[in-house]
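Residue numbers (the numbering used here): 15 to 255.
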């Protein structure tokens, strides 16, 4: 809601976007139970809002833009501890930050961002403490050894980013079939008409960026959201079964 309202300057688009997202069947189903997927939705929404705020801070030269950058780095780390697939969103996001903040980025600021990210993933320290002192039978595996810790951090039990069988992985037919399933389900998940708003929004965003023909126009936060969506869509349709 806040991201949509800030981008448009109106309440109605924010209410519409938040309503369609919140009441879509899949989001609502996972939101009423304690699940990593619901928490992942929260972190992704928070990151989108921080992108909007940071873009405004950079373009309008807010004095607080560095603090916003550090806090965003911390949230990126915290989101990574919840579900590793958030990295698919973080890759284009981090590249975008470097591009729009390139004039002010320095080695010290980069180190600061890295330290904030490390602080964000600090909950992983609990795994080592738990393995040492609690020794629960239902644990996260052998976190006392480096290989055991990396097995959990990389979610190797779940295939890391290999989300389909070897036979189906990187198959062109599989990609188009999965994409077809996704777009067929999109009609239901967006309450039948929400996808029309999304498609129209993408067209307007790309058309506006092309017409501006400036680096700032191409790198605006709306274009980032489109790139993140397309990258995530292609990535998962290739790697899921």
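Heads up, the beta-carbon is just placed ideally off N, CA and C, and yes, glycines get one too.
For the pair residue 243 and residue 106, the Cα-to-Cα distance works out to about 10 Å. Its chain contains 126, 127, 130 as the residues whose beta carbon lies nearer than 7 Å to that of residue 84, once the 5 sequence neighbours on both sides are disregarded; these appear in chain order.
If you look at residue 95, you'll find it in the alpha helix (DSSP H) that goes 79–96. As the crow flies, the alpha-carbon of residue 25 is around 37 Å from that of residue 136. By the C-beta criterion, the segment 91–101 is judged not to be in contact with the segment 62–82, since fewer than 3 inter-stretch pairs fall below 8 Å. Between the alpha carbons of residue 220 and residue 21 lies a distance of about 15 Å. DSSP, read as helix, strand or coil, puts residue 138 in helix.
Contact between residue 69 and residue 235 holds: CB atoms are separated by about 4 Å, below the 8 Å threshold. The distance from the Cβ of residue 88 to that of residue 133 is about 6 Å, consistent with a contact at the 8 Å cut-off. The C-beta separation of residue 251 from residue 192 comes to about 4 Å, placing the pair in contact by the 8 Å criterion.
Going by C-alpha positions, residue 42 is about 42 Å away from residue 122. Taking the Cβ atoms as the reference, residue 39 lies roughly 32 Å from residue 222, outside the contact range of under 8 Å. Rounded to whole angstroms, the gap between the alpha carbons of residue 16 and residue 233 is 21 Å. Distance from residue 18 to residue 36 at the Cβ level is roughly 12 Å; contact not present, criterion being Cβ atoms closer than 8 Å. Residue environment: residue 213 is assigned as exposed (fewer than 16 neighbouring CB atoms within 10 Å of its CB, all protein chains considered).
Excluding its 5 nearest sequence neighbours in each direction, residue 34 has C-beta neighbours in its own chain below 8 Å: 204, 205, 208, 211, listed in chain order. When the beta-carbon positions are compared, residue 64 and residue 78 stay at least 9 Å from each other.
Note that the C-beta distance between residue 246 and residue 66 is not below 9 Å.
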